[in-house]
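The listed protein sequences correspond, in order, to chains A and B.
Take the first sequence: its letter number 109 is residue 109 in the numbering used here, and every next letter is one higher.
Count along the second sequence from 1, add 1000, and you get the number used in the numbering used here.
2 protein chains.
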Amino acid sequence: MSTISTQPVKGMRDILGNQARVKRKIERIIQETALRYGFEPMQVPVLENLDVLLVKGGGGEEAQKELYTLEDQSGRKLGMRFEFTTSLARVLAGNPDLPKPFKSLNMGTVYRYDNPQALRYREFTQADVDIVGSTSALADAECISLAIDVTQELGFEECYIRISDRRLTNALIALCDVPEEQAKECMRSLDKLDKIGLDGVKKELQSKKISTEILSYLKSDLRQIRKELEKAKRSLEGVESLEKVMNYLEAQKKLKYVKFDPSLVRGLDYYTGTVMEIFGGAAVSIGGGGRYDNLIRSLGGPQLPAVGISFGVDRLTDLLADKQTEVPVEVFVIPIGKVEAEAFSLVGKLREAGFAAEMDLMKRNLSKNLASVNTRNIPLVLFLGEDELAQNQVKVRDMASGEEKLVELSPFGKLKEYLSTRLGKK
Amino acid sequence: MSTISTQPVKGMRDILGNQARVKRKIERIIQETALRYGFEPMQVPVLENLDVLLVKGGGGEEAQKELYTLEDQSGRKLGMRFEFTTSLARVLAGNPDLPKPFKSLNMGTVYRYDNPQALRYREFTQADVDIVGSTSALADAECISLAIDVTQELGFEECYIRISDRRLTNALIALCDVPEEQAKECMRSLDKLDKIGLDGVKKELQSKKISTEILSYLKSDLRQIRKELEKAKRSLEGVESLEKVMNYLEAQKKLKYVKFDPSLVRGLDYYTGTVMEIFGGAAVSIGGGGRYDNLIRSLGGPQLPAVGISFGVDRLTDLLADKQTEVPVEVFVIPIGKVEAEAFSLVGKLREAGFAAEMDLMKRNLSKNLASVNTRNIPLVLFLGEDELAQNQVKVRDMASGEEKLVELSPFGKLKEYLSTRLGKK
């Protein structure tokens, strides 16, 4: 038997223990928040027909090189999804009657055969929210608002969202007399600001023979940029859209989490309006998105405007699992003597009352049980002995303080209240 | 663009709308229940090294014929998981220090290239809970108890669990003088009882030249069987284990959901003790499981006893989505006039208070908005007009009764209370 692999596939990983508990919590928070916003959970298969994944012009050229492909037993050519947007476009094309706006939540694993590195895996979990069918800046603001709620609830204290607008960047590029055919190249260089710094971008622009004037605007605020564009009679579309988005967010008192940043362009060519990047702290990007009004059509779907935001759930998991401990169990019941059935009854009542509860299933002695409880960071232990049982009592030990107390067993109300207080539950 | 597939891969499906909402609810209930029982969420990759999936003797011979296989770009031979137990065995082999009992929850998609048919898909979602490391009947009772909680919370009114024990069946087979080498064949015939009826099984046994005496025990209760086995001095291991399991379940007042059924054997060869099948109503199987004390070793893992139960989440989804409607949104805000920012603020407050809330993102007129609200079964509408706003009010319409009421907008308490009452929330 020793010849069978005990490790997961290279570049992929098993998620266990605290990491798995934290990941589940992250997924729950994203899911519940998205549902409060009216996003609809949907599920597309991990496998897609290969033609769906290989569509040209959708900005997926890099990821297409990293595809996992296969044939099924009938020789159908298939591939594993590397993102959700291609599948979303297919669903929209195949279901033209879906009511608009179509607000979708796609959460699941995607696959890319790239070089494994820290915080990157060949199977990773993405959570995308998308609003399809609306051109309103309200939709952009909804996505940003949701991202703020999620980061807040996840416990990131210094979270913020950087936003800009492609149309604003384009107007600035035009203002700096960069010819239209060099606009994309110019943006690609700007996108490297975080990586190679201002000097690096400057050198790159110079080597591409593109004016570096644009760099002088990268620290400007929105009002200054509006003035410059107005003066030069350039398009104000991007500025005005951003003003609306920020106005809406201010109405929800969330503008404090948002930083306008004209240097933000985001790598992908397909963005047409707002672009945004979510930070869980200085330079810790945990997701991003933007408006992509032509992408769904490019991917084979109908012509529908869309805006969306995507969370890197594995990255979030790795970041948070280092800092947060989710206990597997709140209350552990140790039966002492022949009281298994009574302990089983008690553990049932605890669960019914909403506690995460377990009992010894290994017939361990007291010290082994306590050692296991300690290793697993379980906060409360109930000792259920024959004597206590005869007196309608159970002994509760708080593992942190060592404090012990005998509590009435039935009716269950007192025990429930005592445990809730100990656990800091309402 | 019309050449790109708009349909999912053959045999697989997109899950959208009410079906997706119901599926999410099912997954949430299974997950939350399992966590209350102290099961640990874990995640294994969809892809496994092919040798892991092709292990012999694990009872997966049929599923192995239905594998999706592929090579990654380095030529590694991989396959898509067709169940979770193989991966669980690999994880246990690769992580010998995992504390025991190891109580795992595996929920996700698995893949089998079989013939698509109603309620069966080539990608389907399974939810497995397993307790590894304990031989105690308490562990078997835990799995059954959890299955009862899940079916109750899902709203199945006539749910019950059929249970038996392989050791009891073996003892009965021996009692009927079926030679040991025919025991498996005998069990395979018994397993077809639901499909081909008593007469069918009788004929099949006769054609295999196996005594049909066993059939006379299939309606017996546990006490009768105990008597017969005692009289013949046959092993009582199975009977005694079942008695314990049922005694524990009685302590939780759950025995009423359990039916001992000596005809239950379940198809798979690897069960060694308790077997169980979950029914959501007469003849509607929604999951099952049992004790498999040797399987993990057969699959390449360490020698560890285990018991588990598995839910067919797609089957549950198809059954429940027909009967249950989960509304996507509880409250829909329609801004009337230039009050988008105020509406955006209001919808933010609603979500903060826990309501699933949306506002118009399409600048639709009143009648189109109401038509959309109707189609989507949204129960409450808030009309936010400039006049109402000036008077610190909002108009609430209950879509079912048509009743309308002006409610104070700020402070938010009154509106929150009114909406909660209307929605039947506490």
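Cβ coordinates follow ideal geometry from the N, Cα and C atoms, glycine included.
Contact set between residue 1021 of chain B and chain A, taken where Cβ atoms lie within less than 9 Å: 35, 40 and 41
Strictly below 7 Å CB to CB, what residues from chain A border residue 1055 of chain B? Neighbours of residue 1055 of chain B on chain A, chain order: 4.
Taking the C-alpha atoms as reference points, what is the distance between residue 214 of chain A and residue 1364 of chain B? 39 Å
One question on the structure: do residue 1314 of chain B and residue 1124 of chain B come within less than 8 Å of each other, judged by their Cβ atoms? In this structure, residue 1124 of chain B lies closer than 8 Å to residue 1314 of chain B by Cβ.
Assuming residue 274 of chain A is part of the beta strand (DSSP E), what are its boundary residues? 274-279
Where residue 242 of chain A falls: helix, strand or coil (DSSP): helix
Does the Cβ of residue 1140 of chain B have 16 or more other Cβ atoms within 10 Å, making it buried, or fewer, making it exposed? buried
Short of 7 Å Cβ to Cβ, which residues in the stretch 1303-1320 of chain B face chain A? Within the stretch 1303-1320 of chain B, no residue has a Cβ that lies closer than 7 Å to any Cβ of chain A.
Check whether the Cβ atoms of residue 360 of chain A and residue 334 of chain A lie closer than 8 Å to each other. In this structure, residue 360 of chain A sits near residue 334 of chain A, with a CB-CB distance shorter than 8 Å.
Any idea what DSSP makes of residue 1206 of chain B, helix, strand or coil? helix
Cβ-based neighbour list, residue 1121 of chain B, same chain, cut-off 7 Å, excluding 5 preceding and 5 following: 1011, 1012, 1013 and 1314
Please report the distance separating the alpha-carbon of residue 82 of chain A from that of residue 224 of chain A. 40 Å
Closest Cβ-Cβ distance between residue 1134 of chain B and chain A: below 8 Å? yes
Report the CB separation of residue 1415 of chain B from residue 1381 of chain B in whole angstroms; it is logged as a contact under 8 Å. Rounded, the Cβ-Cβ distance is 13 Å, inconsistent with contact.
With respect to the alpha helix (DSSP H) encompassing residue 1317 of chain B, which residues constitute its N-terminal and C-terminal limits? 1313-1321
Distance, residue 1157 of chain B Cα to residue 1280 of chain B Cα: 8 Å
Would residue 346 of chain A and residue 384 of chain A qualify as a contact pair, given that the criterion is a beta-carbon distance under 8 Å? Going by C-beta atoms, residue 346 of chain A is nearer than 8 Å to residue 384 of chain A.
Which runs of the beta strand (DSSP E) at least 3 residues long sit entirely within the stretch 1055-1091 of chain B? Give them in chain order. 1069-1071 and 1077-1080
To the nearest angstrom, how far is the alpha carbon of residue 269 of chain A from that of residue 150 of chain A? 27 Å
Got a sec: is the Cβ-Cβ distance from residue 328 of chain A to anything in chain B below 8 Å? Cβ-Cβ to chain B under 8 Å: yes for residue 328 of chain A.
Proximal chain A residues relative to residue 1252 of chain B, where beta-carbon distance stays under 7 Å: 344, 345 and 348
Please state if the CB of residue 317 of chain A and the CB of residue 65 of chain A are separated by a distance shorter than 8 Å. no
With burial defined as no fewer than 16 other Cβ atoms inside 10 Å of the residue's Cβ, what is the status of residue 1058 of chain B: buried or exposed? So residue 1058 of chain B ends up on the buried side.
Enumerate in chain order the residues of its own chain whose CB-to-CB distance from residue 2 of chain A is below 6 Å, with the five nearest sequence positions on each side excluded. Only weak support exists for where residue 2 of chain A lies, its pLDDT of 46 falling under 50; the value from the coordinates is given anyway. Nothing listed; no residue qualifies.
What runs of the alpha helix (DSSP H), each 4 residues or longer, lie entirely inside the stretch 377-420 of chain A? Runs of the alpha helix (DSSP H) inside the stretch 377-420 of chain A: 386-390.
Counting only runs that start and end within the stretch 1296-1370 of chain B, where is the alpha helix (DSSP H) found for 4 or more residues in a row? Correct list: 1313-1321 and 1340-1352.
Is residue 1153 of chain B closer than 8 Å to residue 1278 of chain B when the C-beta atoms are compared? no
Quick one, which residues of the stretch 1144-1169 of chain B are near chain A if we go by CB-CB under 8 Å, in chain order? 1145 and 1149
Environment of residue 1044 of chain B [buried if 16+ CB atoms lie within 10 Å]: buried
Which of helix, strand or coil DSSP assigns to residue 1216 of chain B: helix
Where does residue 1247 of chain B fall in DSSP's three states? helix
Contact criterion: CB-CB distance below 8 Å. Does residue 12 of chain A meet it with respect to chain B? yes
Selection from A/338, A/147, A/390 and A/69 that minimises the alpha carbon distance to residue 110 of chain A: A/69
For residue 1296 of chain B and residue 74 of chain A, I'd like the C-alpha separation in whole angstroms. 32 Å
With a cut-off of 8 Å on the beta carbons, I'd call residue 308 of chain A and residue 289 of chain A a contact; round off their distance for me. Confirmed, about 5 Å.
Within-8 Å CB hit, residue 1382 of chain B to chain A: no
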